[in-house]
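Presented below is the structure to which this report refers.
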Amino acid sequence: MTPKPERTEPPMNKDTAESIAASPLPTSRTLRLRRNVPFQLLRFAAINLRMLGVILRGHK
Amino acid sequence: MARVVILGAGIAGHTAALHLRRWLGREHEVVVVSPNSRWNWIPSNIWVGVGRMTRSQVTFPLAPVYRRKGIIFHQALATTLFPEGTADDPAPAVEIRSTAPDTAGETSRLTYDYLVNATGPRLNFAATPGLGPDGNSLSVCTDSHAEHTARELRAVIAKLRAGEPQRLVIGTGHGTCTCEGAAFEYTFNVEHELRQAGVRDKAEVIYLSNEYELGDFGVGGLTFTERGFTTSSRTWTESLFRERDVHAIVRAHVQKVEPGVIHYEQLDGSEHELPFDFAMLLPPFRGADLAAYDRDGNDITSRMFAPNGFLKVDADYTPKPYEEWSAKDWPSTYESAAYPNIFAPGIAFAPPHAISVPRKSPNGTVISPAPPRTGMPAGITARAVASTIRDRITQGQQAPAHRASMAHMGAACVASAGTGFTQGTAAAMTMYPVVPDREAFPATGRDPRGTSGEIGLAGHWIKAILHYLFLYKAKARPLWFLIPE
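Chains as they are written, first to last, in my numbering: chain P, 8 to 67; chain L, 2 to 486.
And the structure:
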C-alpha cells in the first residue's frame, strides 16, 4: 500500500480565499427565514412562478 | 412506414422516443437503442451519493415502459453509422452490439429513415490518470458510482466519529470538465451530512474546480437583481462558502490522482499536491465515439463528428476568438451538417465553443469549463427534434425544422445544498437565455427579468418535487406529456 503523504496546508487561491472571507455573511435572521416553513411556502410559490415563466419562454 | 431509431435513453433520447410514439401512428416504428437497461434520473444521484436515496429510487427498468408504449427497445451499444447505407444495401443503417445478458456481444444492423443520436456523454475518466472509481477517486455520475461513494462517505464519517480528522475534496477531475453545478451540489450535500452527523468540526471540506471563479458553473456566471442591487452568482456562491466554511481551489486542472493525493496545475502554471482522505471528482465528457462510413466504405467519422466525439450539427464551427463569439453560433435544429435525417439533441451535439471565457495556463493546459447541455436544454432540444421528425414523416421532407437554440432558451436549475423536509436547502436559479446574447442584452448577455437566484428550503422542496415529477413523466404515466421538459 502506498504510504499516505504528510498532511499539509492546501494551496488555496489567495484571492479566492480573501474574496470568500469578504463576501456577505447571512445574518441569523436570514438563516432562520431560509428554514422558516411559512415564509418558504411563499418563496416556493414565487420561485415556481418565476421558473414557469422561464420554462414557458423556452417552450415557445 | 417510417422507422426512427434513437440512440440513447437518457433525458434527450427518452423524451424524443416518448413524444414520437405519442405523435406517430402505429404504422411507424420508434426504436430505442441503449446500452443501459434502466433509466436514471441523474440529478438525484447526489442524494444516492450521500446515502439519502437508494439506486432503486432514482432508476427504473426501461423495457416495461417501452413495451407498454409500443416502442421497440434494444439493449445495445451503437458502434458504427452507415448514413448512406452500404454497397449491398442503400438504406441508412446503424450497427449495434448487444449488452443484454443473454445476447451480450452479438452485433446487428438496424436500418432507419431518421436517426436521433442522443448518446449523451461518455464519462472520460481516462483523460486523467488515476481518476474515477476504477482508479483512486470517487464519482456520482451513475447510480452505481453514487452508491459506492455513499459507502465511502459512511466510512469517512465513522473515522471522524472516532476522532480522526478527514479532508474531503469534491470537484472536477480535469481542466475541461463540465457539470460544475453537480460538484457544487455534492460538496454542500456532504457538508450538510457531516453537520447532521455531528462531525463537521473535524472535517475539512475543499471544493476543487476548473472554474475561473466561484459561481461560474460553466455558463460564465450569472448576474441578477436582489433586494434592489445587482449582484453576481460569484458573490452569492462565495457567501455560501463562507457561511458553511467550505474552502475553494479554483482554476485547477487535475493532472493525476494517486492514492490519497491529487496532483493539479493552476492557471498560473504552478503545480501542487493535495492530500485527501475522500475525493469525489467528476470526469470530463466526450461523445460516444461512433465510427461512420460512406457507401464505398470510406471513413467519414471526422466529417460527421468533432474531435471530441460529439456530432456536428447546424452550428457555426468556424474557430474565432472569444470577443467574436455570438449567440448565432449556436445550433437550433440539431440536424447533422452532413445528413439531414440525422439529429443530435442534448449532450450529443458538438457545441460551437464554450460559454465561459476560454483560458490556458502558460504550459498550454486548457483550464475552463465546457458548456453544459444537460437537464432542461436536453429535454427541450429533444422535443424540438422529435417535432421536426414527426412533421417530416407526416407532411413530407419539405417540412421546416423546429428550432430550440440554447441562445433563445431559458433554464431553471435547482442546486441542492442539503436534503431534509425542514432542514434541506437548495439554490434555485433561473437564467434566460442559457447562452448569453450580447446583442439582445448588451449589459450582461442575459435578460435580468429571467435571471435570478435564491437559497432556501423552498428550493429543496422544488428539487424533491422535480425528482418525483420527472420519474412520473419518464415512466409515461397518465398525462405525462403535460409536464414540461
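Note that the Cβ used here is the ideal one computed from N, Cα and C, for glycine as well.
Below-7 Å beta-carbon distance, P31(P) vs any chain L residue: As a position in the first sequence, residue 31(P) is number 24, starting the count at 1. Taking Cβ atoms only, chain L reaches closer than 7 Å to P31(P), which makes this a yes.
Determine contact between the stretch 150-162 of chain L and the stretch 186-198 of chain L, defined as no fewer than three beta-carbon pairs at a distance below 8 Å. yes
Cβ-based burial, I1(L) [other Cβ within 10 Å; buried from 16]: The question about residue 1(L) has no answer, for chain L in this structure spans 2 to 486.
7 Å Cβ cutoff met for M407(L) and P370(L): Here residue 407(L) corresponds to residue number 406 of the second sequence, with the count starting at 1. Here residue 370(L) corresponds to residue number 369 of the second sequence, with the count starting at 1. The answer is no: Cβ separation not under 7 Å.
So if DSSP puts L111(L) in a beta bridge, which residue, or which two residues, is it bridged to? The count along the second sequence starts at 1 and reaches residue 111(L) at position 110. DSSP output for L111(L) lists V95(L) as bridge partner(s).
Opening and closing residue of the alpha helix (DSSP H) in which Q494(L) lies: Nothing about residue 494(L) can be reported from this structure: the residues present for chain L run from 2 to 486 only.
Alpha-carbon spacing of R447(L) relative to N46(L), whole angstroms: In the second sequence, residue 447(L) corresponds to position 446, counting from 1. In the second sequence, residue 46(L) corresponds to position 45, counting from 1. When only Cα atoms are considered, R447(L) and N46(L) end up about 30 Å apart.
Could you say which of N41(L), P322(L) and V255(L) lies nearest to D144(L) if we only look at CA atoms? Translated into positions along the second sequence, residue 144(L) becomes position 143. Nearest of N41(L), P322(L) and V255(L) to D144(L), Cα basis: N41(L).
How would you list, in chain order, the residues of chain L whose beta-carbon sits under 9 Å from the beta-carbon of N50(P)? The sequence position of residue 50(P) within the first sequence is 43, counting from 1. At residue 50(P) the sequence reads Arg, which differs from the Asn that was named. Ordered by position in chain L, the residues that pass the 9 Å Cβ test against R50(P) are A429, E455, G457, L458, A459 and G460.
Where are the beta strand (DSSP E) runs, 3 residues long or more, that stay fully inside the stretch 104-181 of chain L, in chain order? 108-112, 115-118 and 167-173
Could you tell me the boundaries of the alpha helix (DSSP H) in which F242(L) lies? As a first step, residue 242(L) is located in the second sequence; it is residue number 241 there, counting from the start. Element bounds for F242(L): S234 to R245.
For the stretch 10-23 of chain L against the stretch 127-136 of chain L, do three or more pairs of beta-carbon atoms, one drawn from each stretch, fall closer than 8 Å, so that the two count as touching? no
Using a Cβ cut-off of 7 Å, pull out every chain P residue sitting near Y433(L), in sequence order please. Indexing the second sequence from 1 puts residue 433(L) at position 432. What Y433(L) touches in chain P: V61 and R64.
From the DSSP output, read off the bridge partner residues of E297(L). In the second sequence, residue 297(L) corresponds to position 296, counting from 1. According to the sequence as given, residue 297(L) is Asp; it is not Glu. Its beta-bridge partners do not exist; DSSP assigns none.
Would you be able to state if there are at least three C-beta pairs under 8 Å between the stretch 25-36 of chain L and the stretch 134-143 of chain L? no
Is S26(P) close to chain L? Criterion is C-beta to C-beta, closer than 7 Å. Position 19 of the first sequence holds residue 26(P). Answer yes: the Cβ-Cβ gap between S26(P) and chain L drops below 7 Å somewhere.
N43(P) to P260(L) span [Cα, whole Å]: Numbered from 1 along the first sequence, position 36 holds the residue referred to as residue 43(P). Numbered from 1 along the second sequence, position 259 holds the residue referred to as residue 260(L). Each residue's alpha carbon lies about 43 Å from the other.
Go through its chain and collect everything with a Cβ distance to R287(L)'s Cβ below 6 Å, but skip five positions before and after it. The residue given as residue 287(L) occupies position 286 in the second sequence. Excluding positions up to five away in sequence, the list reads R123, N125, N309 and G310.
N364(L), buried or exposed, once every other Cβ within 10 Å from all chains shown has been counted against 16: On the second sequence, residue 364(L) is found 363 positions in, with the first residue counted as 1. Classification for N364(L): exposed.
Give the single residue among R4(L), A17(L) and M2(L) whose Cα lies nearest to the Cα of Y335(L). Residue mapping note: residue 335(L) aligns to position 334 of the second sequence, counting from 1. Of the listed residues, the one whose Cα sits closest to Y335(L) is A17(L).
Report yes or no: is there a C-beta of chain P within less than 7 Å of the C-beta of I348(L)? Indexing the second sequence from 1 puts residue 348(L) at position 347. Output row for I348(L): interface = no.
Which of helix, strand or coil DSSP assigns to P372(L): Along the second sequence, read from residue 1 onward, the residue named residue 372(L) stands at position 371. Reduced to three states, the DSSP call for P372(L) is coil.
Within the continuous beta strand (DSSP E) that includes E266(L), where are the two ends? Taking the first residue of the second sequence as 1, we reach residue 266(L) at position 265. Residue range V262 to Q267 is occupied by the beta strand (DSSP E) that includes E266(L).
Amino acids of chain P, ordered along the chain, whose beta-carbon sits closer than 8 Å to that of T520(L): Lying outside 2 to 486, the shown extent of chain L, residue 520(L) is not represented and no answer is given.
Taking I72(L) as the reference, give the member of G182(L), E30(L) and E244(L) with the closest Cα. The count along the second sequence starts at 1 and reaches residue 72(L) at position 71. That would be E30(L), whose Cα lies nearest to the Cα of I72(L).
List, in chain order, every chain P residue whose beta-carbon is nearer than 9 Å to that of G451(L). Here the question's residue 451(L) lines up with position 450 in the second sequence. Under the 9 Å cutoff, chain P gives R57, G60, V61 and R64.
S138(L) at chain P interface by Cβ criterion, 7 Å: Taking the second sequence and counting its residues from 1, one reaches residue 138(L) at position 137. Output row for S138(L): interface = no.
Which same chain residues end up closer than 7 Å to H354(L) when comparing Cβ atoms and leaving out the 5 residues on each side of it in sequence? Within the second sequence, numbered from 1, the residue matching residue 354(L) stands at position 353. So the qualifying residues of the chain are W326 and D330.
Under 7 Å, Cβ to Cβ, is there at least one residue of chain P near T375(L)? As a working mapping, residue 375(L) is identified with position 374 in the second sequence. With respect to chain P, the C-beta atom of T375(L) has no partner C-beta closer than 7 Å.
Quick one: is T23(P) near chain L, going by C-beta distance under 7 Å? To locate residue 23(P), count along the first sequence from 1; it is residue 16. Output row for T23(P): interface = yes.
Unbroken beta strand (DSSP E) runs of length 3 or more, entirely within the stretch 36-99 of chain L: which are they? 39-41, 60-62, 73-83 and 94-99
Count the other CB atoms, across all protein chains shown, that sit within 10 Å of the CB of M8(P); report buried if there are 16 or more and exposed otherwise. Against the first sequence, residue 8(P) aligns to sequence position 1. Low local confidence applies: a pLDDT of 43 at M8(P) is under 50, so the model's placement there is unreliable, with the coordinate-based value given in what follows. It is exposed - the Cβ of M8(P) has fewer than 16 other Cβ atoms within 10 Å.
Member of T55(L), A339(L) and G216(L) whose CA lies at the smallest distance from the CA of A183(L): Your numbering for residue 183(L) matches position 182 in the second sequence. Considering only alpha carbons, the answer is G216(L).
For the beta strand (DSSP E) holding K257(L), just list the boundary residues, first then last. For this step, residue 257(L) is matched to residue 256 along the second sequence. Judged by DSSP secondary structure, K257(L) falls within the beta strand (DSSP E) whose first and last residues are A253 to E259.
Interface partners of I463(L) on chain P, CB under 8 Å: Taking the second sequence and counting its residues from 1, one reaches residue 463(L) at position 462. Neighbours of I463(L) on chain P, chain order: F51, I54, N55 and M58.
Three-state secondary structure assigned by DSSP to P45(P): What you label residue 45(P) is simply residue 38 of the first sequence in a count that begins at 1. Helix at P45(P).
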